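Residue numbers (my numbering), protein chains in the order written: chain A, 55 to 163; chain B, 12 to 127. Backbone N, C-alpha and C fix where the C-beta goes; we use that ideal spot for every residue, glycine too. Remember, it's a predicted structure, so these values are computed and weren't measured experimentally.
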Amino acid sequence: TQLLEQSPQFLSIQEGENLTVYCNSSSVFSSLQWYRQEPGEGPVLLVTVVTGGEVKKLKRLTFQFGDARKDSSLHITAAQPGDTGLYLCAAYKGGKLIFGQGTELSVKP
Amino acid sequence: GAGVSQSPSNKVTEKGKDVELRCDPISGHTALYWYRQSLGQGLEFLIYFQGNSAPDKSGLPSDRFSAERTGGSVSTLTIQRTQQEDSAVYLCASSLRWTAPGDTIYFGEGSWLTVV
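What follows is the structure, given as structure tokens:
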């Protein structure tokens, strides 16, 4: 059983569309992170959210931490081909940083 | 170097052989992590080291897997008697401290292992 469940697993959209990726858990976390990984590279941290209900914006990316600190979402506005990649959520559990299974995003021009 | 360095970047080995994967963390980082990633999948935690504390080995999938960190810096992940299911990308990461949400974890580019 995955500690962090991401959905959808795969997403293929056209340039200019909006999308939302979800990260859900039955556990409560003190913080949650989102990473982006491109082929042949390691994941790169995008954001850390620490407060229930918190919303953080990074250009066209909006991250939200659920009020109960059990879930999070990543919304991309007007997606571009450069947004293509694997998006991973992660949280600390028992001292270890645990990752979701990822959402593979493909944005077609 | 400026980032986390891993070697080899690619390794093809025969089933049953031993392999060693090396990780050189960012200078001054006390925490070091190893993860395994199958194609297009999320990261599976393997082991982490924090300073001089005993490592957390709870993610190692079998006793064929071991890791050490010498002098609080370079780490080696060893897989003995490799099996085809060991084929994956092995990612190393480091951070200044351990499990501090304010600290960023930096990943290397990974070592792609193929067992044939």
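Item                                                                                                                                                                : Value
Excluding sequence positions up to five away, which residues of its chain have a Cβ less than 6 Å from the Cβ of A:Ser160?                                          : Ser66 and Thr138
Identify the contact partners of B:Phe56 in chain A, using a Cβ-Cβ distance below 9 Å as the criterion.                                                             : Lys150, Leu151, Ile152 and Phe153
Quick check on this structure: which residue in B:Leu57, B:Glu79, B:Leu32 and B:Leu54 has the alpha carbon closest to the alpha carbon of B:Ser122?                 : B:Leu32
Can you tell me which of B:Asp97, B:Gly14, B:Leu71 and B:Ser98 puts its alpha carbon nearest to the alpha carbon of A:Glu95?                                        : B:Gly14
Going by alpha carbons, who is nearest to A:Glu71 out of A:Tyr141, A:Gln134 and A:Ala144?                                                                           : A:Gln134
If we count Cβ pairs, one from each stretch, closer than 8 Å, do we get three or more for the stretch 148 to 160 of chain A versus the stretch 19 to 28 of chain B? : no
Any beta-carbon of chain A closer than 9 Å to the one on B:Ile37?                                                                                                   : no
Would you say B:Thr24 lies against chain A (beta-carbon separation less than 9 Å)?                                                                                  : no
Please classify B:Asp97: does DSSP put it in a helix, a strand, or coil?                                                                                            : helix
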